[in-house]
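> My structure is below; once you've seen it, I'll send some questions.
There are 2 protein chains.
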Amino acid sequence: MNIGQASEASGVSAKMIRYYEEIGLIRPAARTGNNYRVYGEAEVHVLRFIKRARSLGFSLEETETLLKLWQDKSRESAAVRRVATAHIGDLERRIAEMQGMVKTLKHLAHCCSGNERPDCPILDDLAGDSSAAGAS
Amino acid sequence: MNIGQASEASGVSAKMIRYYEEIGLIRPAARTGNNYRVYGEAEVHVLRFIKRARSLGFSLEETETLLKLWQDKSRESAAVRRVATAHIGDLERRIAEMQGMVKTLKHLAHCCSGNERPDCPILDDLAGDSSAAGAS
DNA sequence: GTAGGGCTTCCCACCATGGGAAGGTCAAGG
DNA sequence: CCTTGACCTTCCCATGGTGGGAAGCCCTAC
Numbered sequence: 001m002n003i004g005q006a007s008e009a010s011g012v013s014a015k016m017i018r019y020y021e022e023i024g025l026i027r028p029a030a031r032t033g034n035n036y037r038v039y040g041e042a043e044v045h046v047l048r049f050i051k052r053a054r055s056l057g058f059s060l061e062e063t064e065t066l067l068k069l070w071q072d073k074s075r076e077s078a079a080v081r082r083v084a085t086a087h088i089g090d091l092e093r094r095i096a097e098m099q100g101m102v103k104t105l106k107h108l109a110h111c112c113s114g115n116e117r118p119d120c121p122i123l124d125d126l127a128g129d130s131s132a133a134g135a136s
Numbered sequence: 001m002n003i004g005q006a007s008e009a010s011g012v013s014a015k016m017i018r019y020y021e022e023i024g025l026i027r028p029a030a031r032t033g034n035n036y037r038v039y040g041e042a043e044v045h046v047l048r049f050i051k052r053a054r055s056l057g058f059s060l061e062e063t064e065t066l067l068k069l070w071q072d073k074s075r076e077s078a079a080v081r082r083v084a085t086a087h088i089g090d091l092e093r094r095i096a097e098m099q100g101m102v103k104t105l106k107h108l109a110h111c112c113s114g115n116e117r118p119d120c121p122i123l124d125d126l127a128g129d130s131s132a133a134g135a136s
């Protein structure tokens, strides 16, 4: 299987497969005589694992940890769960941060007449005008 | 006022002030004889505006738009609100995406015994094992 | 033989920010 | 007068992931 087929089969772009190899996330692929990378089912399985981990928001570093745990048959599931719960905490922190932004923005947008006149509480807030409507 | 004081007064690092100047987000600061940048209250006000916009999650590009609208006395508040509501939509999309991740992860983490044994539904899910507990 | 598609490596871009080196400038204090 | 330290300047590099594209090799089909 060439890199194109592996990409197709895993959903990871060829570009990214090479990159993952370069940074050591996956082992260097075997090469044919013409220097093409070759992949088998096992490699594609790894790529799909990575793809899925990325789609759950894990960083490449976390993904590497998870990959190693996956391949370590004597792992403790507690270690896996620690990675996952840390990531959950991370996501929740970022979600909360963004929700705070949304809350403020919705309030400001609500207070903004949104017509042809120039006065705008959104800009007032950004400008630090403390008399702006509910600048949280 | 030197760049250090402007940084102090605005909460924007000196590094970023220079960067904002370089990309044209703010006008090039005046210079003293010794080539130091000089700032006044007006410039600090702009920097604080940028700082606040960034803290609400606006990109530098959106911030530039808002900055121009702020400085355009004949703006229509509708234009400002369009930028804000687009950004709200963006944030909400990202929040929803992350919440989906959290939901899946929490379920998997809940199903994981988290002890010293190796079997782990989190890894099963990542590995694409469709018999994994509730792999959404 | 040529055309096309795939593969290779290499460099560049994004977005925003920080780190740090090498060198100029200024004020205070010995 | 000289040193020290705290500023400032420009310049390059790194991050995290991903994509774009060029230049060149390889293979197959026509």
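Same order as they appear, the protein sequences are chains H and B.
Following full-length UniProt numbering, the numbering of the first sequence begins with 1 at its first residue and continues without gaps.
Following full-length UniProt numbering, the numbering of the second sequence begins with 1 at its first residue and continues without gaps.
We put the beta carbon where it would ideally sit given N, CA and C, even for glycine.
Kindly indicate which three-state DSSP category residue 12 of chain B falls into: helix, strand or coil?
Residue state, collapsed to three classes: coil.
> Could you tell me whether the Cβ atoms of residue 44 of chain H and residue 66 of chain H are closer together than 8 Å?
The answer is no: Cβ separation not under 8 Å.
> Would you say residue 5 of chain B lies against chain H (beta-carbon separation less than 8 Å)?
Answer no: the Cβ-Cβ gap between residue 5 of chain B and chain H never drops below 8 Å.
> Would residue 52 of chain B be called buried (16 or more neighbouring beta carbons within 10 Å of its own) or exposed?
Result: buried.
> Using a Cβ cut-off of 8 Å, pull out every chain H residue sitting near residue 76 of chain B, in sequence order please.
The answer, in chain order, is 115, 116, 117, 118.
> Buried or exposed: where does residue 39 of chain H fall if 16 or more other Cβ atoms within 10 Å of its Cβ makes it buried?
By the 10 Å Cβ count, residue 39 of chain H comes out buried.
> Report all residues from its chain with a CB closer than 6 Å to the CB of residue 129 of chain H; omit the five preceding and five following residues, and keep chain order.
Answer for residue 129 of chain H: no residue qualifies.
> Please go through the stretch 49–86 of chain B and give each complete alpha helix (DSSP H) segment of 4 or more residues, from N-terminal end onward.
The stretch 49–86 of chain B contains these whole alpha helix (DSSP H) runs: 60–71.
> Take residue 61 of chain B as the anchor and find which of B:73, B:36, B:26, B:7 has the nearest alpha-carbon.
Of B:73, B:36, B:26, B:7, the residue nearest in Cα terms is B:26.
> Below 8 Å on C-beta distance, what does residue 87 of chain H contact in chain B?
Those are 105, listed as they occur along chain B.
> Buried or exposed for residue 36 of chain B, please, with buried defined as at least 16 other CB atoms from any protein chain shown within 10 angstroms of its CB.
Counting Cβ neighbours within 10 Å, residue 36 of chain B comes out exposed, since fewer than 16 surround it.
> Counting contacts by CB-CB distance shorter than 8 Å, is residue 16 of chain H in contact with chain B?
It does not: the Cβ of residue 16 of chain H has no partner Cβ on chain B nearer than 8 Å.
> Looking at the strands, I want to know which residues DSSP matches up with residue 44 of chain B.
None; residue 44 of chain B has no bridge partner.
> Whose C-alpha, out of B:124, B:1, B:79, is nearest the C-alpha of residue 30 of chain B?
For residue 30 of chain B, the nearest C-alpha among the options comes from B:1.
> Can you list, in chain order, the residues of its chain with a C-beta nearer than 8 Å to that of residue 23 of chain H? Leave out the 5 residues immediately preceding and following it.
The answer, listed in chain order, is 60.
> State buried or exposed for residue 32 of chain B, treating a residue as buried only when at least 16 other CB atoms are found within 10 Å of its CB.
Per the 10 Å Cβ criterion, exposed.
> Can you check the stretch 107–136 of chain B for any alpha helix (DSSP H) of at least 4 residues that lies completely inside it and give the ranges in chain order?
With a minimum length of 4 residues, the continuous alpha helix (DSSP H) runs that stay inside the stretch 107–136 of chain B are 121–126.
> Are there 16 or more other CB atoms within 10 angstroms of the CB of residue 28 of chain H, so buried, or fewer, so exposed?
Exposed, by the Cβ-count rule.
> Quick one: what's got a C-beta closer than 6 Å to residue 76 of chain B's C-beta in the same chain, skipping five residues either side?
No residues qualify anywhere along the chain.
> When the Cα atoms are used, what is the spatial distance from residue 139 of chain H to residue 95 of chain B?
Within the shown structure, residues of chain H are numbered from 1 to 136, placing residue 139 of chain H beyond reach of any answer.
> Return the chain-ordered list of same chain residues with a C-beta closer than 6 Å to the C-beta of residue 21 of chain H, the five sequence neighbours on each side being excluded.
Cβ within range, chain order: 28.
> Among B:113, B:101, B:49, which residue has its Cα nearest to the Cα of residue 63 of chain B?
Ranking B:113, B:101, B:49 by Cα distance to residue 63 of chain B puts B:49 first.
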